[in-house]
Amino acid sequence: MTISMSMCRLIRQPLISNVPYSGQKLNMRQIQKENVVLVMGATGTGKSKLSIDLANYFPSEIINSDKIQIYEGLDIVTNKISKEEQKGIPHHLLATHNPNIEFTSNDFREISTSAIDSITSREHLPIIVGGSNSYLEALVDDDDYNFRSRFNFCCLWVDVSLPTLRSYIDQRVDQMFNTGMVNELRPFYNPNRDYSKGIRKAIGVPEFDEYFRKESFVDDETKKKLVEKALSEMKMNTWKLARKQLAKIHWLKNVKRWNIHRLDATPVFKKHGNEADETWKKIVAEPSAMIVAQYLYNSRNSSNVVNSSSNLRVPISQSDLMAAATC
């Protein structure tokens, strides 16, 4: 089900010609803030999946805020969402930049702001999704207060319990290996390259450096041990990244006082197949859509089912969602 933005978006105020401001007449469209949704979470929790789900409820376009997925290449290693998984929804800042040139938080702030303006001009909802919370902070809390003066924003945090997430991270690294990760990494190996810049910062590139250095000079058993060592380091470093991402989210929520809605996706990771899909829909996708509907349309119908401080396990029907989203 898709909710029509033309039917349900906030009604813009008519042009006002009699309100003076600094000696000039004020156009209300110039001061009305546009809406932006941020989808946050540690690596592997399902952020991209949720962004696609939301785009199926609200006409949207997605802006990637993962600092490694911005670069071209290493689709397996960086776990980029595939074209098939994108389901025709426009994506911005995904595999768009030279992998050898550093892309900074300032670059992200400038280009993502331009993308937001482009998306809202088409009366679509910008959804910014990714694990690089430093990019989100640089965008939202910029020094000149530009973002907050122009946009309202709603934060969704997809969370998974740490033991469950760690197990999933290990499985995902093994799956990457089984789907051709080593061959994907090989062209990016260069003994003289700097692993602190560009796409070579990606977890997997430095970890396989020793393997690529020695593979031509060692026997098969040694190669196997080098691969196992690299995979183990990848798992540990991905786990460290997840912990760092979670710490940043807690800091944004508790210290900077961002209003962040937490959704506990842990039960999804304990199920498989259709059962996992139904659980995701019930406890993550539909509650998130209700939060966004309430945020966008201030619906009185959603006030009794949305609780940003809980784990949001309330079952929500499509009719409830439509009622909450109807102007």
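Here our numbering is used: the first residue of the sequence shown is 751, the next is one more, and so on. We put the CB at the ideal spot given by N, CA and C, even for glycine. Everything numeric in this text was worked out from a predicted model, so none of it was measured.
For ASN829, the secondary structure class from DSSP, reduced to helix, strand or coil, is coil.
DSSP places HIS1022 outside both helix and strand once states are collapsed to three, so it counts as coil. Relative to the Cα of LYS830, the nearest Cα in the group ASP803, SER798, ASN848 belongs to SER798.
Annotated as distal: VAL923 and THR972, with beta-carbon spacing of 8 Å or more. Between ALA792 and LEU935, the C-beta spacing is not below 8 Å. Annotation: the region 945–993 contains the following complete segments of the alpha helix (DSSP H) (minimum length 4 residues), in chain order: 959–964. No residue range can be given for ILE1033, since it is assigned to no alpha helix (DSSP H) and is classified by DSSP as neither H nor E. With distances taken between CA atoms, SER1038 lies nearest to LEU800 out of LEU800, GLN782, GLY794. Counting only runs of 3+ residues, the beta strand (DSSP E) found wholly inside the region 873–899 occupies 875–879, in chain order. Per DSSP, the unbroken beta strand (DSSP E) holding SER810 starts and ends at 810–814. At a Cβ-Cβ threshold of 8 Å, SER815 and SER882 count as neighbours. If you ignore the 5 residues before and after VAL977, its C-beta comes within less than 7 Å of the C-beta of TYR961, all in its own chain and listed in chain order.
DSSP places LEU788 in the strand class (E or B) of the three-state scheme. For ARG1012, the enclosing beta strand (DSSP E) has its first and last residue at 1010–1014. DSSP places PHE938 within a helical segment (H, G or I) once states are collapsed to three. Remark: fewer than three beta-carbon pairs, one from each stretch, lie closer than 8 Å, so the region 904–911 and the region 840–849 are not flagged as touching.
DSSP places ASN856 inside the alpha helix (DSSP H), whose first and last residues are 855–871. Around the beta carbon of ILE949, 16 or more other beta carbons sit within 10 angstroms, so the residue counts as buried. With contacts defined as CB atoms closer than 8 Å, VAL932 and TYR945 fail to qualify as a contacting pair.
If you draw a straight line from the Cα of LYS1003 to the Cα of GLN836, it comes to about 29 Å.
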